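Peer 1: Have a look at the structure that comes next, please.
In structure tokens, the structure reads:
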């Protein structure tokens with residue numbers, strides 16, 4: 153893992169780590185300005201600490217993190233148990249949702265606002281993301297309300313497409329490790345193809361809006377990218393790249409991402425709906441996308457410390 157810029161401070165003798173396996177270890181991380189982080193754990197409970205961008209990351213015992221979870225949440229400190237940590241020294245795949253994950257917006261809601269049907273569409277979007285509605289049915293319902301809207305509104309939304317904070321940091325970090333980075337989205341190709349080019353992603357698949365003579369018809373071309381489709385994309389890419397499941401991660405925020413997460417070795421809920429946080433293996437609730445890199449960087453740190461101990 154090419155993260156040599158990290159300065160790892162060992163707080164305990166490296167030999168202490170030999171008594172633990174991954175399932176007994178965890179990381180906690182927060183903005184470096186969060187003074188509470190290092191105070192929550194005694195010195196003899198801290199194995200190592202390092203920085204990723206603006207974040208301080210601390211390696212400790214999983215059992216201590218479980219006991220402190222309420223206190224961590226109260227201080228807006230993220231944590232992750234490392235039982236399913238991938239090996240970042242080997243090839244891997246990171247598959248992302250797009251809307252509200254790699255970008256800050258739900259594209260269909262922004263299109264609907266410009267088409268004059270914003271409120272009724274955003275309400276359906278929220279219910280679908282919470283898992284209250286069938287995603288495919290709800291998407292077709294929302295797209296139908298865009299019938300006769302001018303194609304120019306798509307260009308307007310795309311021209312100001314806001315990347316999620318630290319999206320480039322995360323993608324660049326993954327690529328530095330030799331990982332493939334892809335998007336599987338229930339959104340639209342008009343935006344995912346642009347994002348693929350912008351972030352130099354390896355793959356992107358989403359839904360194609362039907363456009364005739366410069367007007368949206370209110371229909372989607374072909375099959376909808378459903379929750380199962382996202383999982384199928386992960387399996388297809390894993391096979392194409394000849395990767396182990398344990399070295400595939402999936403990151404998303406909505407109920408439509410849960411099947412994809414279950415198909416991965418590690419599912420990460422990013423600023424996600426409650427149902428998704430409950431079912432995902434780990435979650436980033438407070439940090440920006442750099443938080444995902446904080447979790448994955450533990451692979452490099454553990455390998456570095458273990459090498460020193462040989």
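Residue numbers (this note's numbering): 153 to 462.
Glycine residues also receive a C-beta, built at the ideal position from the N, C-alpha and C atoms.
It should be emphasised that the depicted structure is a prediction, and the values quoted were computed from it without experimental measurement.
Determine the DSSP secondary structure at residue 438, reduced to helix, strand or coil.
Peer 2: coil
Peer 1: Does DSSP classify residue 394 as helix, strand or coil?
Peer 2: coil
Peer 1: Taking the straight line between their C-alpha atoms, what separation do you get for residue 157 and residue 436?
Peer 2: For residue 157, the pLDDT reaches just 46, beneath the cut-off of 50, and the residue's location in the model is therefore unreliable, although a value from the coordinates is still provided. Each residue's Cα considered, the two are about 23 Å apart.
Peer 1: Kindly give me the distance between the Cβ atoms of residue 230 and residue 442, rounded to whole angstroms, as I take these residues to be in contact under 8 Å.
Peer 2: Not really, about 11 Å apart at Cβ, beyond 8 Å.
Peer 1: Does the separation of the CB atoms of residue 243 and residue 451 fall below 8 Å?
Peer 2: no
Peer 1: Residue 367: which of 391, 327, 297 sits nearest, CA to CA?
Peer 2: 297
Peer 1: Taking buried to mean at least 16 other C-beta atoms within 10 Å of its own C-beta, is residue 201 buried or exposed?
Peer 2: buried
Peer 1: Would you give the residue range spanned by the alpha helix (DSSP H) that residue 287 belongs to?
Peer 2: Per DSSP, the continuous alpha helix (DSSP H) segment holding residue 287 begins and ends at 287–296.
Peer 1: Enumerate, from N- to C-terminal direction, the unbroken alpha helix (DSSP H) stretches of 4 or more residues contained entirely within the segment 317–371.
Peer 2: Every unbroken stretch of the alpha helix (DSSP H) spanning 4 or more residues and falling wholly within the segment 317–371 is given here in chain order: 319–328, 341–351.
Peer 1: Quick one: residues in its chain with C-beta nearer than 7 Å to the C-beta of residue 270, no 5 flanking neighbours on either side, listed in chain order?
Peer 2: Sequence-distant Cβ neighbours of residue 270 in its own chain, meaning closer than 7 Å and more than five residues away, are 261, 264.
Peer 1: For residue 326, which residues from the same chain have a beta carbon less than 6 Å from its beta carbon, with the 5 sequence-adjacent residues on both sides left out?
Peer 2: Closer than 6 Å at Cβ, skipping near neighbours: 246, 333.
Peer 1: Considering residue 212, what are the terminal residues of the beta strand (DSSP E) in which it resides?
Peer 2: It spans 207–213 - the beta strand (DSSP E) in which residue 212 sits, taken as one unbroken run.
Peer 1: Using a Cβ-Cβ cutoff of less than 7 Å, which residues in the same chain neighbour residue 174 once the five nearest sequence positions on both sides are dropped?
Peer 2: 234, 235, 237
Peer 1: What is the DSSP secondary structure of residue 401, counted as helix, strand or coil?
Peer 2: The DSSP-derived three-state label of residue 401 is strand.
Peer 1: Using a Cβ distance threshold of 8 Å, determine whether the segment 176–184 contacts the segment 202–215, with at least three qualifying pairs required.
Peer 2: yes
Peer 1: On the CB-based measure, 16 or more other CB atoms within 10 Å of its CB, does residue 195 come out buried or exposed?
Peer 2: Under this definition residue 195 is an exposed residue.
Peer 1: Can you give the beta carbon distance from residue 422 to residue 253, rounded, assuming they're within the 8 Å contact cut?
Peer 2: 5 Å
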